[in-house]
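Below: the structure, in structure tokens.
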Amino acid sequence: MINETLDQTWNLETIFEGGSHSKDFASFLKKLNEDLDNFQSTLTETNAPKTNGETTIWKDIIHKYEALYKRLIEGYAFLECLTSQNMKDDKASQLFAAIQATAAQFEACSTLLESKYNEFPSDVWDAFLSDPDMQTISFYLKESRQKAKERLSADQEKIISSLAIDGYHGWGTLYDTIVSNISIPFDHPVDGKKDLSVGQLANLMDDSNRDIRKAAFAAWEEAWHSQVDFCSASLNHLAGFRLQTYKERGWEKVLKEPLSYNRMTDKTLETMWQVITDNKSHFVKYLDRKAKLLGLEKLSWFDVDAPIATSSKKVTYEESANFIIQHFHKFNPNMAKFAEHAIKNRWIEAEDRNGKRPGGFCTSFPLSEESRIFMTFSGTASNISTLAHELGHAYHQSVMNDLPYLTQHYAMNVAETASTFAEMIVSDAAQAAAKTKEEQISFLDEKLGRSIAFFMNIHARFLFETRFYEERKQGIVGSDRLNELMLAAQKEAYCDALSSYHPAFWQSKLHFYITDVPFYNFPYTFGYLFSTGIYVKALEEGATFADKYDALLRDTGRMTVEELAKKHLKVDLTKPDFWQSAVDYAIKDVKDFLELTKN
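Position 134 of the sequence shown, counted from 1, bears residue number 134 in the UniProt record's numbering, the numbering being contiguous throughout.
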């Protein structure tokens, strides 16, 4: 356990000393670019083998590619940390733009490499995969060969990647520019008048005081309304670039890329959403009861995440850290040991200050075999959940560090498995430790808030994006229409259970502007339900499940989600049974909540 006062700023000096002005990083990036140039030349000049005797050089090429990949991600993660901790760090922003160009060149190499795989004669390819040195990465190799079959020629894909730097990705990074220039004046009844960052104001929108929530939401709306034209342009042109790329490749379905990226079938996605939709009436009952407890006829958008308890008690960073470590240990001592190491060694940026990017994330450094967690800690219960969530991500990476790097790349949907699982451990522990009926209600409310987020909020995002992309095929979608699409999606996703909504949500939500992962929404819900199903098994099996859990995490980068579930959970994700069992666990929370809060 931790007894000392913790530093809430992360330590990046062990990665590259000197921040954005690091001489070591400048040399690192220069050498990476030089080696990448040489690798691209070698790759261009090397023909695919025609016989089994010509494959030796391809082993060396793949190992060099893997090494370059690790170096690229190491640099990319470092700059992501720098630009997030201080959005006014112009040097870091310049370097981030530079490494995006490097990443585009690496992507072009990846595409060329995949096209070379596709040129292997079938018998040579099969023999190559059976080579002991290649067997451990055979899933990656098969997946890469399939990608080549579904894309344009390597030269055409290279052009797309090059144009994407200032086109596709350029429109995506405009969001960061918008956020970095927003300073929101807010008159807090306790702290007085202050200019707040987007991240700081976001923390006030789940305050226990409704007047503060309402005022914060109004300030939020006003600040983002002033940026509506920039947001509309960014979202439309980002989507336009993506759609044109799909058209050139002959991809008719907008969801083809995100489903492929997440290694799942459309049948699995459809089944998951259908089970959720069929069970939403239970969660509407929760929303209605919460409104009654807050003295409202219906909840407004800014009431959904409001705590029921009116206590303004805050928890310290140290208390939060110890609580997480204590309850990780009950499930898996290795998780607890890992979390304590990460916290003590300053892998976490948690300080509440101006200039930081909003939100939270975990990023990994493959060369250093470390992770870094970004968040803004203000002492709320949701902050504890965020910290546990991100530590779950970091633990997931830690159990994979000894695997070949090309088998460590897991998709976003299973990436949320360990993080959500970690949240569940902590939230259930908090509920079990509740000393009063009021505390039990409060913890159940927090748990159900996550269910609402995944079953309704994320569903609204999915519905909005799906419909927006269909309309964007016909031309620019104006900001008024974007508001209409968002409002309709929210009403449908929430079963019209709220009194007011957030039509401009599309402006402020970072996830709509992320270019690395399209449809940054449904994987969260998948991860939540997938981890819930795993959590139910963990409760049933007790301490013996820890090793099975680690084994599942280690396989997340080397099989489809359907294969993963079948191997480790003995379930079929294209059928409703598994999803229903996971939703039932959340429905139990609803029933407990309604019982505890009845008159």
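Built from N, CA and C at the ideal position, the CB exists for glycine as well.
Exercise for the section: Can you grab the Cα-Cα spacing for the pair isoleucine 159 / tryptophan 506, in whole Å? Expected result: Taking the sequence shown and counting its residues from 1, the one referred to as residue 159 is at position 159. Taking the sequence shown and counting its residues from 1, the one referred to as residue 506 is at position 506. One C-alpha to the other measures close to 30 Å.
Exercise for the section: Please say whether aspartate 206 and serine 382 have beta carbons closer to each other than 8 Å? Expected result: Indexing the sequence shown from 1 puts residue 382 at position 382. Indexing the sequence shown from 1 puts residue 206 at position 206. For serine 382 and aspartate 206, yes; Cβs fall inside 8 Å.
Practice task
Round the Cβ separation of lysine 298 and alanine 453 to the nearest angstrom and send it over; I've been treating them as touching at under 8 Å.
Solution key: The residue given as residue 298 occupies position 298 in the sequence shown. The residue given as residue 453 occupies position 453 in the sequence shown. Not a contact, Cβ separation roughly 18 Å.
Handout entry: Contact belief for valine 517 with tyrosine 261 at Cβ below 8 Å, rounded distance in angstroms
Key = Within the sequence shown, numbered from 1, the residue matching residue 517 stands at position 517. Within the sequence shown, numbered from 1, the residue matching residue 261 stands at position 261. Between tyrosine 261 and valine 517 the Cβ distance is about 7 Å, and since that is below 8 Å, they are a contact.
Problem - Cβ contact check for the region 18-36 and the region 67-83: 3 or more pairs under 8 Å - result: yes
Problem - Cut-off 8 Å between Cβ atoms - residues of its own chain near leucine 594, not counting five sequence neighbours on either side - result: If you number the sequence shown from 1, residue 594 lands on position 594. Apart from sequence neighbours up to five positions away, the residues of its chain that approach leucine 594 with a beta-carbon distance below 8 Å are Lys285, Tyr286 and Arg289, ordered along the chain.
Handout entry: Limits of the unbroken beta strand (DSSP E) element including cysteine 362
Key = Translated into the one-based positions of the sequence shown, residue 362 becomes position 362. Residues 361-365.
Practice task
Give the C-beta separation of threonine 386 and tryptophan 579 to the nearest angstrom, bearing in mind that I take them to be a contact with Cβ-Cβ under 8 Å.
Solution key: Translated into the one-based positions of the sequence shown, residue 386 becomes position 386. Translated into the one-based positions of the sequence shown, residue 579 becomes position 579. Not a contact, Cβ separation roughly 26 Å.
Exercise for the section: Report the three-state DSSP secondary structure of serine 183 (helix, strand or coil). Expected result: Residue 183 sits at position 183 when you count from the first residue of the sequence shown. Here serine 183 sits in coil by DSSP.
Practice task
Quick one: give me the first and last residue of the beta strand (DSSP E) that arginine 372 is part of.
Solution key: The residue you call residue 372 lines up with position 372 of the sequence shown. Judged by DSSP secondary structure, arginine 372 falls within the beta strand (DSSP E) whose first and last residues are 370-374.
Practice task
Pick out the complete alpha helix (DSSP H) segments inside the region 5-50, 4 residues or longer, and give them in chain order.
Solution key: 23-45
Exercise for the section: Return yes when the Cβ of phenylalanine 186 is within less than 8 Å of the Cβ of cysteine 109, no when it is not. Expected result: Here residue 109 refers to the residue found at position 109 of the sequence shown. Here residue 186 refers to the residue found at position 186 of the sequence shown. It is not a contact, given that the beta carbons lie outside the stated cut-off.
Practice task
Could you say which of Ile587, Leu174 and Ala394 lies nearest to serine 371 if we only look at CA atoms?
Solution key: Position 371 of the sequence shown, counted from the start, is the residue given in the question as residue 371. Among Ile587, Leu174 and Ala394, the Cα nearest to that of serine 371 is on Ala394.
Exercise for the section: Would you mind giving the Cβ-Cβ distance between isoleucine 184 and leucine 201, rounded to the nearest angstrom? I have them listed as a contact below 8 Å. Expected result: Along the sequence shown, read from residue 1 onward, the residue named residue 184 stands at position 184. Along the sequence shown, read from residue 1 onward, the residue named residue 201 stands at position 201. Contact check for isoleucine 184 and leucine 201: beta-carbon distance about 5 Å, within the 8 Å limit, so the pair qualifies.
Exercise for the section: Indicate the three-state DSSP secondary structure (helix, strand or coil) for isoleucine 178 in the structure shown. Expected result: Counting from one through the sequence shown, the residue named residue 178 turns up at place 178. In this structure, isoleucine 178 counts as helix in the three-state DSSP scheme.
Exercise for the section: Would you mind sorting leucine 485 into buried or exposed? The rule is 16 or more other CB atoms within 10 Å of its CB. Expected result: Locating residue 485 in the sequence shown gives position 485, where the first residue counts as 1. With 16 or more other Cβ atoms within 10 Å, it is buried.
Problem - Neighbourhood of threonine 597 by C-beta distance below 7 Å, restricted to the same chain and skipping five residues each side - result: Numbered from 1 along the sequence shown, position 597 holds the residue referred to as residue 597. Cβ within range, chain order: Arg289, Leu293 and Ile441.
Handout entry: Cβ-based neighbour list, lysine 147, same chain, cut-off 7 Å, excluding 5 preceding and 5 following
Key = Here residue 147 refers to the residue found at position 147 of the sequence shown. For lysine 147, where only same-chain residues beyond five positions count, the Cβ hits under 7 Å are Glu114.
Problem - Counterpart residues of histidine 511 in DSSP-defined beta bridges - result: Against the sequence shown, residue 511 aligns to sequence position 511. According to DSSP, which records beta bridges pairwise, histidine 511 is partnered with nothing at all.
Handout entry: Neighbourhood of isoleucine 343 by C-beta, 6 Å cutoff - its chain only, sequence neighbours within 5 removed
Key = Here residue 343 refers to the residue found at position 343 of the sequence shown. Ala321.
Problem - Own chain partners of tyrosine 524 with C-beta closer than 7 Å, once the 5 adjacent residues on each side are dropped - result: In the sequence shown, counting from the first residue as 1, residue 524 sits at position 524. Glu416, Phe454 and Ile458.
Handout entry: Selection from Tyr494, Ala504, Tyr65 and Lys566 that minimises the alpha carbon distance to leucine 235
Key = As a working note, residue 235 is residue 235 in the sequence shown. The shortest C-alpha separation from leucine 235 is found at Ala504.
Problem - Reduced DSSP category for lysine 247 - H, G, I as helix; E, B as strand; rest coil - result: Along the sequence shown, one-based indexing puts residue 247 at 247. In the structure shown, lysine 247 sits in a helix (DSSP, three-state: H, G or I).
Problem - Reference isoleucine 308, options Arg210, Leu196 and Ala418, closest by Cα - result: The residue labelled residue 308 in the question sits at position 308 within the sequence shown. Answer by Cα proximity: Arg210.
Exercise for the section: Verify whether the separation of the beta carbon atoms of alanine 411 and arginine 263 is less than 8 Å. Expected result: If you number the sequence shown from 1, residue 411 lands on position 411. If you number the sequence shown from 1, residue 263 lands on position 263. Yes, the pair counts as a contact, with Cβ atoms nearer than the cut-off.
Problem - Buried versus exposed call for leucine 552 [16 or more other C-beta atoms within 10 Å across all chains shown] - result: Locating residue 552 in the sequence shown gives position 552, where the first residue counts as 1. Label assigned to leucine 552: buried.
Handout entry: From Thr436, Asn599, Gly355 and Trp273, residue whose alpha carbon lies closest to that of alanine 84
Key = Here residue 84 is taken as the residue at index 84 of the sequence shown, counted from 1. As written in the sequence, residue 84 is serine, which differs from the alanine given in the question. Measuring from the Cα of serine 84, the nearest candidate turns out to be Gly355.
Problem - Run of the alpha helix (DSSP H) containing lysine 256, from where it starts to where it stops - result: Counting from one through the sequence shown, the residue named residue 256 turns up at place 256. Its alpha helix (DSSP H) spans residues 256-261.
Handout entry: Given 8 Å, three or more beta-carbon pairs between the region 52-59 and the region 130-138
Key = yes
Exercise for the section: Put aspartate 592 into one of helix, strand or coil per three-state DSSP. Expected result: Counting from 1 along the sequence shown, the entry for residue 592 is found at position 592. Helix at aspartate 592.
Handout entry: Coarse secondary structure for histidine 188, derived from DSSP in three states
Key = Taking the sequence shown and counting its residues from 1, the one referred to as residue 188 is at position 188. Residue state, collapsed to three classes: strand.
Practice task
Whole angstroms is fine: what's the gap from phenylalanine 468's alpha carbon to glycine 475's?
Solution key: Walking along the sequence shown from the start, residue 468 turns up at place 468. Walking along the sequence shown from the start, residue 475 turns up at place 475. The straight-line gap from Cα to Cα measures roughly 11 Å.
Practice task
Report the residue from Arg151, Glu119 and Thr265 whose alpha carbon sits nearest the alpha carbon of tryptophan 251.
Solution key: For the purposes of this step, residue 251 is identified with residue 251 of the sequence shown, where counting begins at 1. It is Arg151 whose Cα lies nearest to the Cα of tryptophan 251.
Handout entry: the region 360-367 touching the region 333-342, judged by at least three CB pairs closer than 8 Å
Key = no
Handout entry: Opposing strand residues paired with isoleucine 348 [DSSP bridges]
Key = To locate residue 348, count along the sequence shown from 1; it is residue 348. As computed with DSSP, isoleucine 348 is found in a beta bridge with Ile373.
Problem - Simplified DSSP state of aspartate 550, which is helix, strand or coil - result: Along the sequence shown, read from residue 1 onward, the residue named residue 550 stands at position 550. When DSSP states are grouped into helix, strand and coil, aspartate 550 belongs to the helix group.
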